[in-house]
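In our numbering, the protein residues as written are -12 to 197. Positions of the beta carbon are idealized from the N, C-alpha and C atoms, including for glycine. Computed from a predicted model, the values in this text were never measured in an experiment. Structure record follows, encoded as structure tokens.
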Amino acid sequence: MKTSLFSRLPFRRMLTVCAGVALVMTLASCALTRPILREITVRRAIMVKPAEGGEIPLYVWQGNRVPGQLSVRVDLSDQKAYIFKDRENVGWTYVATGRSGHDTPVGTFHVQEKIVDKRSNKYGVIRDADGDVVHSNATNGVHRIPSGGRFVGAPMPYWMRLTGSGVGMHAGPIPNPGQPASHGCIRMPLAMAETLFQNVNVGTPVTITP
């Protein structure tokens, strides 16, 4: 009686050995590196903020217990900031950078100062003598302040200055994730701005790419 190829003992042993080697190689390759964070890692994140409607994650942070020197890369094209410790990506967040006419500068910068409660000295609102807002999108020195009135700078919590001309990272609204919206600063969600503020130092490098 003829025997099939698959029933021959040497061949079956060879298949078993090959399958075992393939399994070991697969398991080993999975443990080689930690992949750069993508949206797919949201379920395993320590801190995740969904956008309005809950379908788009606004940020992911997994860096609390990761050692290393922190750095930030802001990508203007996809309106996201990526946070690294040494060369390991430990988080990302949607940002809102400068809209047309208020472009966010590109290049490598360093955090120059950190202020928890900062207000803009250029953009904000103008209130009259009774405290009522008479101009909700005012530029200080450009729009007239009525007698008895005052200019109130826009809040910029967790301010991290990058340039001498007033560009920095801070908490602020992200009205349309993926779209620029600011006067040139790099806005991010409040909780993520607070977390980043707690982790950066004066001198932390921030690279902004087109």
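How would you label residue i, buried or exposed, when you count the other beta carbons within 10 angstroms and need 16 or more for buried?
i: R174; result: buried
i: P133; result: exposed
i: A116; result: exposed
i: P176; result: buried
i: P197; result: exposed
i: Q56; result: exposed
i: Q159; result: Sequence check: residue 159 is Gly here, not Gln. Burial call: buried.
i: P44; result: buried
Report the option in the options whose CA atom is closest to the CA atom of residue i.
i: D104; options: W79, A125, Q66 and E181; result: E181
i: G165; options: F138, V77, A68 and N127; result: A68
i: V121; options: N108, H157, D65 and R137; result: R137
i: H170; options: S64, H130 and S87; result: S87
i: D62; options: P160, R114 and G85; result: G85
i: E75; options: I113, T91 and V53; result: V53
i: N51; options: S64, D65 and I70; result: I70
DSSP beta-bridge partners for residue i?
i: N76; result: F71
i: V139; result: V112
i: G85; result: S169
Near residue i, which residues of its chain fall below 6 Å by C-beta distance, leaving aside the five closest residues on each side in sequence?
i: T194; result: R60 and T95
i: V98; result: M147, V187, V189 and T191
i: G155; result: W146, M147, R148, L149 and C172
Between which residues of its own chain and residue i is the CB-CB distance below 7 Å, once the five residues before and five after are set aside?
i: F184; result: K101, Y145 and M147
i: S223; result: Look at the range of the chain in this structure, -12 to 197, and you will see that residue 223 is not part of it.
i: T126; result: K109 and Y110
Could you pull the start and end residues of the alpha helix (DSSP H) that residue i belongs to?
i: N198; result: Residue 198 falls outside the range modelled here, since the chain spans only -12 to 197, and no answer is possible.
i: N124; result: Not the alpha helix (DSSP H): N124 falls in the beta strand (DSSP E), residues V120 to T126.
i: A178; result: L177 to N186
Examine chain D for any beta-carbon lying closer than 8 Å to the beta-carbon of residue i, and answer yes or no.
i: I113; result: The question asks about chain D, but that chain is absent: this structure has only one protein chain.
Quick one: give me the first and last residue of the beta strand (DSSP E) that residue i is part of.
i: I195; result: P192 to T196
i: H157; result: G155 to A158
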